[in-house]
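S.K.: No gaps in the numbering here: position 263 of the sequence shown is 334 in the working numbering, and each next residue is one more.
Where a beta carbon is used, it is the ideal one built from N, C-alpha and C, also for glycine.
If you're wondering where the values come from, they're calculated on a predicted model, not measured in any experiment.
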Amino acid sequence: MNEVMLAFLLTLFAGLATGVGSLIAFFAKTTNTKFLSFALGLSAGVMIYVSMVEIFFKAKDSLTMALDETSGYWLTVIGFFAGMLLIGLIDRFIPKYSNPHEVKKVEDMEKSTSPVNDPDLMKMGIFTALALAIHNFPEGIATFISALNDPSIGIAIAVAVAIHNIPEGIAVSVPIYYATNDKKKAFKLSFLSGLAEPVGALVAFLILMPFLSDVLFGIIFSMVAGIMVFISLDELLPAAKKKYDEAHLSIYGVIFGMAIMAVSLILLA
């Protein structure tokens, strides 16, 4: 039960980082582009390395032990790309204007001249909050399952997801503030959206845990690897390059994140 509690707390920590992004949007006068560029790169580096070096092969080992070498390997690969497909479809069907991965800056808060209680803008704000919740749900399952299997991997993923949730908090707060001109409401909705991650963990515990076998674990873990890699390549690095990048800091962050993860896995082996 202690392992389950740790996994849940790590998922809660990752989700609450969205609120940190909201606070930054409200209290910082300018966006620290150097910090965000490096941080997003670091988050991507951690996710890519741990997914390709550790999670993928743990999934493969689990499936090959439960099945056979060829079938297990094929199922691992299928699960990996199925995870990419899942998170890709979520991104595909969320309108661009309400996608929390559309990069925004703190400075955008000052550009709002929106009238209070504009119905169209309020709708956009609500959709943005819902979009974040939809994105965070599978991330919550991924963090929880990873932490349950290996706390060291779970901690790494939770930190990486938390870092990438900070600019998401900014991205959500800005349009909701446009819609309401109310900072408290923008923070509240952004904060609640982040709670979708621990909800994902709770669903994983209540629905998946009773049926967790070597095969199911291997499939979920391979999908987790695909989700993490897709988030890194489709969201984190493009976001860092689009508005935040300064002198390739995001790439330096990727390398540093990979190095940290590599050393951590060696020390904790």
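Closest to S264 by CA distance: which of I326, M76 and L83 is it?
M.R.: For S264, the nearest C-alpha among the options comes from L83.
S.K.: Would the stretch 274-292 and the stretch 129-149 be scored as touching if the rule is three or more Cβ pairs under 8 Å?
M.R.: Yes: the two stretches touch, three or more of their Cβ pairs being nearer than 8 Å.
S.K.: Please look up how many angstroms separate the CB atoms of M118 and A231, rounded, as I've assumed it's under 8 Å.
M.R.: Contact flag correct, Cβ pair sits at about 5 Å.
S.K.: For A36, which residues in the same chain have their Cβ closer than 7 Å to its Cβ, ignoring the five residues on either side in sequence?
M.R.: Because the chain in this structure spans residues 72 to 340, residue 36 falls outside the shown range and cannot be described.
S.K.: Can you tell which of A272, V274 and I241 has its C-alpha closest to the C-alpha of K259?
M.R.: Nearest C-alpha to K259: I241.
S.K.: Buried or exposed: where does S244 fall if 16 or more other Cβ atoms within 10 Å of its Cβ makes it buried?
M.R.: The residue is buried, with at least 16 neighbouring Cβ atoms inside 10 Å.
S.K.: Within its chain, find whatever has a CB closer than 6 Å to the CB of A296; leave out the 5 residues flanking it on each side and keep chain order.
M.R.: Excluding sequence neighbours, A296 sits near S122, I126, F127 and F151.
S.K.: Nearest to L266 by CA position, among G225, F208 and T214, is which residue?
M.R.: It is F208 whose Cα lies nearest to the Cα of L266.
S.K.: Where does V230 fall in DSSP's three states?
M.R.: Looking at V230 - three-state DSSP - the assignment turns out to be helix.
S.K.: Under 7 Å, do V91 and I234 count as touching if we go by C-beta distance?
M.R.: Going by C-beta atoms, V91 is not nearer than 7 Å to I234.
S.K.: Return the CA-CA distance between G154 and S293, expressed in angstroms with no decimal places.
M.R.: Taking the straight line from one Cα to the other gives about 7 Å.
S.K.: Could you give the residue range of the alpha helix (DSSP H) that holds D132?
M.R.: It spans F127 to A137 - the alpha helix (DSSP H) in which D132 sits, taken as one unbroken run.
S.K.: Give the single residue among M280, L111 and L283 whose Cα lies nearest to the Cα of L13.
M.R.: This structure does not reach residue 13, given that the chain is present from 72 up to 340, and the question cannot be answered.
S.K.: Run through DSSP, which three-state label would L201 get?
M.R.: Helix at L201.
S.K.: Here's the rule: buried if 16 or more other CB atoms are within 10 angstroms of the residue's CB, otherwise exposed. What is G328?
M.R.: The residue is buried, with at least 16 neighbouring Cβ atoms inside 10 Å.
S.K.: From I212 to S321, what does the alpha carbon distance come to, in whole angstroms?
M.R.: Answer to the nearest angstrom: the Cα atoms are 27 Å apart.
S.K.: Could you give the residue range of the alpha helix (DSSP H) that holds D285?
M.R.: First-last of the alpha helix (DSSP H) with D285: D285 to F301.
S.K.: Report yes if the CB atom of T214 is closer than 7 Å to the CB atom of A115, and no otherwise.
M.R.: Going by C-beta atoms, T214 is not nearer than 7 Å to A115.
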